[in-house]
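Following: one structure in structure tokens, then a few remarks.
Protein chains: 2
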Amino acid sequence: MRLLFLYFILIIVSCQPMPPQPSPPISKVDSAMVKQIFDEVLVNGQAYDQLRDLCFNIGPRLSGSENMVKAVDWSKKVMEDLEFDRVFTQDVLAPHWVRGKKESASVRSKIAGNFDLSVLANGNSAATPKKGITASVVQLDSPKDLEAAGEAKLKGKIVYFSRPFNQTFIHTGRMYGDAGAGRFNGAASAEKYGVVGVVIRTLSSAPNNDDTPHTGNGAASAVPTLSMSVKSALALEKALEKDQNLTITMTINSRHFDEKTPTHNVIGELKGSEFPDQYIVVGGHLDSWDVGQGAHDDGTGCVQSIEVLRALKAIGYKPRYTIRAVLFANEENGLAGGERYAELAKENNEVHLAAIESDGGGFTPRGFGMTAGIDSLMKVRSWLPLFNKNTITYINNGGGGADIGPLGREFNTPTIGLVVDSQRYFDIHHTDEDTFDKVNKRELHLGAASMASLVYLLDKHGL
Amino acid sequence: MRLLFLYFILIIVSCQPMPPQPSPPISKVDSAMVKQIFDEVLVNGQAYDQLRDLCFNIGPRLSGSENMVKAVDWSKKVMEDLEFDRVFTQDVLAPHWVRGKKESASVRSKIAGNFDLSVLANGNSAATPKKGITASVVQLDSPKDLEAAGEAKLKGKIVYFSRPFNQTFIHTGRMYGDAGAGRFNGAASAEKYGVVGVVIRTLSSAPNNDDTPHTGNGAASAVPTLSMSVKSALALEKALEKDQNLTITMTINSRHFDEKTPTHNVIGELKGSEFPDQYIVVGGHLDSWDVGQGAHDDGTGCVQSIEVLRALKAIGYKPRYTIRAVLFANEENGLAGGERYAELAKENNEVHLAAIESDGGGFTPRGFGMTAGIDSLMKVRSWLPLFNKNTITYINNGGGGADIGPLGREFNTPTIGLVVDSQRYFDIHHTDEDTFDKVNKRELHLGAASMASLVYLLDKHGL
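These protein sequence lines are chains A and B, in that order. Position one of the first sequence corresponds to residue 1 (our numbering), numbered consecutively onward. Position one of the second sequence corresponds to residue 1001 (our numbering), numbered consecutively onward.
Spelled out as structure tokens, the structure:
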């Protein structure tokens, strides 16, 4: 009985992160290590070349696509070639949606004229009949206005959600959140009012003459939904001012498969010397939307995560904890990779000291956002002086990443997101324009070096 | 006599900046004003549209070119149309150099093969004879190595200065300074050793496969000098490893005019209510190199400076000091505009509270660099909490701008430079790639809003 009790105690202890240990304050050694890490990444970093390879030789890689299968093999091989201590995959079952033949939408108006809209179906959208849906249009700011409009006004109509990005916000992520409801749940919310189609002003921070539509996921609905470029949205609004009876014809040829599609998280490890069964995760997501090359979203986070391990290994650093680069599956349309990672961590009694994610693009780093207890937050903030003032200048209270969210939710694992300069991200996010040429080598590598430095500090000083 | 004395006293007082006055610490009013300024620029800013116009309808504008004449007229009209209180020009006489027919350089080697180099003559370079100069090559790191090499080894040769950018520096401006001697004074230094030509690895932060040569000024010399792309430089080095006797043939068709060329500083003013004869300057330089469109260097600084006045006027702010947007002539190959501005300030007994320059590209702002007394520096630092952490996060001790340098030198005027994210600037600086499409609207406008906020704070609180 006592033995059994001891056994339980051992399980409990092994499932908890190490309690905060007395660790020396940051020192000249830390300063020299951070400098060595930055030098290694800036001079010998391979993330940029890996990203070129991923973008041009594989390209976009939505869950269920051949490209995603290739990307899993590719990233596994990259990490094996770098001779990480262990490279393996985790089986994941992900939602399966395909766009099919290119979508279209056009306006017909005897008063305002006929013209095509530059559009992309939103991810997860239902298909239209082959001949499309034609209906007149009700313009609303966002789904919150559906109820006031009411079924009588909305039934049989296409709803246009027009909410623009609020340009007064400094961080564009805030704009995205503020304007996003039309895409996130516009179709799902509109369904009960008898709406037959939803079109939205695309979620873009680009200037008004930008003609690039953005895709991205929304809640499941029988109502087909698409995004139109800012330029098209403004043209539609102008036309609606002249003719409230104009019609839109929209065609979407998507298919949603009931059966989930097998995919994989890809994981590389540097084994810890003191706490080999406790983990520090650094990750991004390997899947992308089916347009562009998935460069900034989130090829950059993947190659940065691999670079963290490569650089630490290259400078001969022997971690105390096991450091994992996790390339998550299916962030874009399901989050099945992140959920599965947390599920397996539970099954395997894995303990995580912290998890870091890069999923805001490979731009110049500006800070970290951290969701953790106040003591951990203050500890990480005490490391700020180690970073150059043109890289990491703050540690936000709050932040993390979609893929590491389940770890935080299930285990209270501290989660940390790399915050980068956000101005260019939502110009190209989820578009044909998210391509390798938009990535600057040094910006990408500064992000990787910032993450590697944080991993080093977490590994040395604990949390 | 007493009246005359009083007159002298008045002159002396009027020539000195106001002594530091007791001013209230930053307040909610300041915070609201900074927010209002940022909102105005981010929502209604015209800098981006003005820059498009300047880049596409005028383009590159070296001193002495027709385009520079057009740019003077254009910027005067822009500020007149904005109904600034006063718009005027200052006559400037600038050095006059033209590139002429496109330069060329090629390698000949029986062992390593023959190939062309991707080159641009450095500004101010002497011409070669029409048939070019052909000579074998001595590779040196930088001009400091000339003396050790000695005349015997160098006479009749082309010297190749190979110093690369040191990628371990975080701010790319530091790389530029560190690697720049080959261009800044390579030809002038090499002349006395009987060197017949100087070629350098171009001053670029871009990856090794980048094939874009950068131009830029160097000290006067009879020795022709050009820059070759990073890709060409590495190809040359590889060839030199195989064949130390290879030759380079270089042709430069430039012309330097003895007579200076007339050009203009263009100035717009918002008149001060309390100190109309004391000035706060915000500026950039209107001239550019003769390649690309002069977008980031320094079209952005010009349109940002105009935007500062536009935004302050638009929100109805009545400045105490006279606020000047100064678009300086001839920064690139002479600095005659900045020198002339200071000269006229002296002639006219003008007093300047401070001068701000934007000449590091229109990228996201990160800080200001300030050359001033410690009290002024600490005062400006006390305003940091007014800025969003994703814009201005530091006030460097040291900094300013080339064009406002003479003001600082002659009057001890505090000079302040906008420091922006530097990672992309030296990829395109002084090249065919410095074009409008490299500028992000919000990044540009965040810089303008940061400058306008600083102008407001200087105007309100003094220095």
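We put the CB at the ideal spot given by N, CA and C, even for glycine. In this text the structure is predicted, and so the values were computed from the model without any measurement.
With a CB to CB cut of under 7 Å and the five nearest residues on each side skipped, what residues in its chain are close to residue i?
| i | result |
| --- | --- |
| Pro164/A | Ala179 and Arg201 |
| Pro224/A | Ser125, Ala126, Ala127, Thr128, Ile133, Gly197, Met250 and Ile252 |
| Gln1046/B | Glu1307 and Arg1310 |
| Arg52/A | Phe436 |
| Gly156/A | Ala135, Gly194 and Val196 |
| Gly1292/B | Pro1060, Thr1431, Asp1432, Glu1433, Asp1434 and Thr1435 |
Let me confirm a value: residue i is counted as buried when at least 16 other C-beta atoms fall within 10 Å, else exposed. Which label applies?
| i | result |
| --- | --- |
| Pro25/A | exposed |
| Asp1091/B | exposed |
| Ala152/A | exposed |
| Pro1319/B | buried |
| Ala1222/B | exposed |
| Leu10/A | Any reading at Leu10/A must be qualified, since the residue scores a pLDDT of 37, below 50, and its modelled position is unreliable; the value itself is stated next. Leu10/A is exposed by the Cβ-count criterion. |
| Ser1453/B | buried |
| Pro385/A | exposed |
| Phe184/A | buried |
| Val29/A | exposed |
| Asp421/A | buried |
| Asn1057/B | exposed |
| Asp1359/B | buried |
Distance check for residue j and residue i, CA to CA, integer angstroms please.
| i | j | result |
| --- | --- | --- |
| Gly1362/B | Val1351/B | 29 Å |
| Gln244/A | Asn1044/B | 28 Å |
| Ala1135/B | Val1107/B | 10 Å |
| Pro22/A | Asn412/A | Unreliable placement is indicated for Pro22/A, whose pLDDT of 49 sits below 50; the coordinate value is still reported in the next sentence. Those two C-alpha atoms are separated by around 21 Å. |
| Gly283/A | Asn1208/B | 28 Å |
| Ser1189/B | Val1119/B | 21 Å |
| Thr1263/B | Asp1290/B | 16 Å |
| Leu1246/B | Asn1166/B | 28 Å |
| Asp210/A | Met175/A | 17 Å |
| Gly316/A | Asp403/A | 29 Å |
| Asn1348/B | Gly1299/B | 28 Å |
| Glu1241/B | Ala1112/B | 9 Å |
| Ala1032/B | Leu1458/B | 16 Å |
| Ala448/A | Gly64/A | 28 Å |
| Gly182/A | Gly1173/B | 43 Å |
| Ala148/A | Arg1061/B | 57 Å |
| Leu1465/B | Ile1267/B | This structure cannot settle anything about residue 1465/B, because the visible part of chain B is limited to 1001 through 1463. |
| His296/A | Lys1070/B | 40 Å |
| Met68/A | Gln36/A | 35 Å |
| Ala1325/B | Ser305/A | 45 Å |
Excluding sequence positions up to five away, which residues of its chain have a Cβ less than 6 Å from the Cβ of residue i?
| i | result |
| --- | --- |
| Thr1480/B | This structure gives no information on residue 1480/B, because the portion of chain B shown stretches from 1001 to 1463. |
| Tyr341/A | Asn265 |
| Lys1460/B | none |
State the CB to CB distance for the pair residue i and residue j, rounded to an integer number of angstroms; the pair is presumed to be in contact (CB under 8 Å).
| i | j | result |
| --- | --- | --- |
| Leu1054/B | Trp1074/B | 7 Å |
| Phe368/A | Gly399/A | 7 Å |
| Gly186/A | Phe161/A | 5 Å |
| Gln226/A | His214/A | According to the sequence provided, residue 226/A is Leu. The question's Gln does not apply to it. Going by Cβ atoms, the distance from Leu226/A to His214/A rounds to 11 Å, so no, they are not a contact pair. |
| Tyr1321/B | Leu1353/B | 6 Å |
| Ile1158/B | Ile1248/B | 5 Å |
Just reading off the alpha helix (DSSP H) that residue i is part of, what are its end residues?
| i | result |
| --- | --- |
| Phe411/A | Gly405 to Phe411 |
| Arg424/A | Where Arg424/A is concerned, there is no enclosing alpha helix (DSSP H), given that its DSSP letter is neither H nor E. |
| Arg1442/B | Lys1441 to His1461 |
| Ser75/A | Glu66 to Asp81 |
How would you write the range of the beta strand (DSSP E) that residue i sits in, first residue to last?
| i | result |
| --- | --- |
| Thr415/A | Thr415 to Val420 |
| Trp1097/B | Arg1086 to Val1098 |
| Val159/A | Ile158 to Phe161 |
| Leu1327/B | Tyr1321 to Phe1328 |
Is any beta-carbon of chain C found at less than 7 Å from that of residue i?
| i | result |
| --- | --- |
| Tyr394/A | Here chain C cannot be found, since the structure's protein chains are A and B. |
Under 8 Å Cβ to Cβ from residue i, same chain only, skipping five residues before and after it: list those, please.
| i | result |
| --- | --- |
| Leu463/A | Pro17, Pro20, Leu353, Ala354, Ala372, Ser376, Lys379, Val380 and Pro414 |
| Met1228/B | Ala1105, Leu1117, Ser1118, Val1119, Val1199, Ile1200, Arg1201, Thr1202, Pro1213 and Leu1236 |
| Glu1339/B | Pro1406 |
| Thr261/A | Ser63, Gly64, Leu93, Ala94, Pro95 and His96 |
| Gly1408/B | Ala1355, Thr1371, Gly1400, Pro1414 and Thr1415 |
| Thr89/A | Val72, Lys76, His264, Asn265, Val266 and Ile267 |
| Leu1312/B | Ile1037, Leu1270, Pro1319, Ile1323, Ala1452, Val1455 and Tyr1456 |
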